[in-house]
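Every position in the sequence shown, counted from 1, becomes a number in this note's numbering once 122 is added.
Notes for the one structure printed next.
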Amino acid sequence: MLGSPTEGMKRYLDVCCLNRPFDDQVQDRIRMETEAIATVLGHFDSKEWKWIGSEVIHVEINRMTDLERRIKVEKLASGMSQMVFLTEEHQKRAEELVTLGFKLTDALHVACAESEGACFLDNRRSACENSSQIQGNVKGPCCQSFALDRRSVWNMKTQTMTQEEVRSRGITVFRRELGAVGMLRFLRQFDRGKGDYTKERHRWLDRLTIDDIFNDVRVLRRNRS
123 MLGSPTEGMK RYLDVCCLNR PFDDQVQDRI RMETEAIATV LGHFDSKEWK
173 WIGSEVIHVE INRMTDLERR IKVEKLASGM SQMVFLTEEH QKRAEELVTL
223 GFKLTDALHV ACAESEGACF LDNRRSACEN SSQIQGNVKG PCCQSFALDR
273 RSVWNMKTQT MTQEEVRSRG ITVFRRELGA VGMLRFLRQF DRGKGDYTKE
323 RHRWLDRLTI DDIFNDVRVL RRNRS
């Protein structure tokens, strides 16, 4: 039960939630969690809930090894309405959470959600089991429009674009025209998803140190400036 939508309610979706719609939808649990996440995204689209994001989300997305999936998740995550910028205070809180059994990246997500008083939405049992240590709510399992001139999309010389660029631009249009939920419904007509990001992410994320993550954040900030 996610609770009644209320104006100004803050929600933080971690990257596992953002990946769920692109996991293998043949599995019952994944399919049910995808529907729950779509409901949350619908509340974001209608402005009933406020979507809190963070630099840690972008660091994790940039570390994803599947390029096609990463493009989809980036477009989905573009709807975040507020960004939490990583600070030493977040690092200190994350280090406390690591001693309580959280993985480093997960701890940073929680620290960012806590700092904004946001409800942390997660589809992993581990976070729910440790929820008593979090300053706020944890719910499991559980985007807005692009400032993109429509003519700039249709007037492109698509014959000079790479396949990756075509895919990325196409998903941008779906995201803008259909909203987050509509985009997911459209993509799922042609792609039933694959794998389980929630399990697979540990292969590359668990090797990261706090210095690695802050280095990635500095690169993100340089690219934005």
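Virtual Cβ for every residue (Gly too), placed ideally from N, Cα, C.
* Express the C-alpha separation of K225 and D328 in angstroms, rounding to a whole number. => 7 Å
* Do the CB positions of I193 and R325 come within less than 8 Å of each other? -> no
* To do: Reducing DSSP to helix, strand and coil, say where Q311 ends up.
  => coil
* So, L208 versus F336, is the Cβ gap smaller than 8 Å? -> yes
* Minimum C-alpha distance to T331 - residue among L222, H180, T227, D136 -> T227
* **Beta-carbon contacts of V303 that lie in its chain and below 7 Å, excluding the five residues immediately before and after** => A160, L163, G164, D167
* To do: For D146, count neighbouring Cβ atoms within 10 angstroms of its own Cβ and tell me buried if that reaches 16, exposed if not.
  => exposed
* Can you list the beta strand (DSSP E) stretches of 3 or more residues lying completely in the segment 155-201, in chain order? -> 171-176
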